[in-house]
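For reference, the structure is listed below as structure tokens.
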Amino acid sequence: MKLHPKKWEWVRLQIKKLNDNSIDQLFEAILTLESLEECYIFFDDLCTVNEIQSLSQRLEVARMLGKGCTYNQIEAETGASTATISRVKRCLNYGNDGYKMSLERLGR
């Protein structure tokens, strides 16, 4: 998936609200990981179990929304709140296609 230049400018502007160098360092560190095992090791040090579960839950919600599942189905299967489901749906509809890009690359 190719990023649209104007969209990428918008992404950078939103992220600029945070410390650019530390955000860049975080993303660059993630990009250095070479295996699933390395990801487990890195994220175990970086995040709490709840933070990792929240991130994975959002990705699963995005996958299920993309497959046409209802809020009730998603809530029952993932335990995600309707607020989380709505937030993910808003990103799918109006965001930067990050979920779509990742899920396509995963083949899901």
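Heads up: the sequence shown begins at 1 in full-length UniProt numbering, then just goes up one per residue. Using N, Cα and C, we set each Cβ at its ideal position, and we do this for glycine too.
Opening and closing residue of the alpha helix (DSSP H) in which residue i lies
i	result
S35	Note, S35: premise wrong, no alpha helix (DSSP H); not H, not E.
residue 116	The displayed coordinates of the chain run from 1 to 108. Any statement about residue 116 would go beyond what the structure contains.
T84	82-94
T48	Element bounds for T48: n/a, residue is neither H nor E.
K100	98-106
Buried or exposed (CB count within 10 angstroms, at least 16 for buried), residue i
i	result
M101	exposed
Y99	buried
V49	exposed
I30	exposed
L18	exposed
I74	buried
I41	exposed
Residue from the options with nearest C-alpha to residue i
i	options	result
K89	I52, G68, C39, G79	G68
G107	D24, S56, R63	R63
L26	Y40, E38, L46, E60	L46
V61	S22, D24, A80	A80
A83	L92, Y71, Y94	Y71
L103	E77, S56, T78	S56
L59	D44, I85, E28, E37	I85
Chain-order list of residues whose beta-carbon lies under 7 Å from that of residue i (same chain, five-residue window excluded)
i	result
C39	L33
Residues of its chain near residue i, where Cβ-Cβ distance is below 8 Å and the 5 sequence neighbours each way are ignored
i	result
G21	Here the sequence assigns Asn to residue 21, which means Gly is not the residue at that position. Nothing meets the Cβ criterion.
C91	A62, G98, Y99
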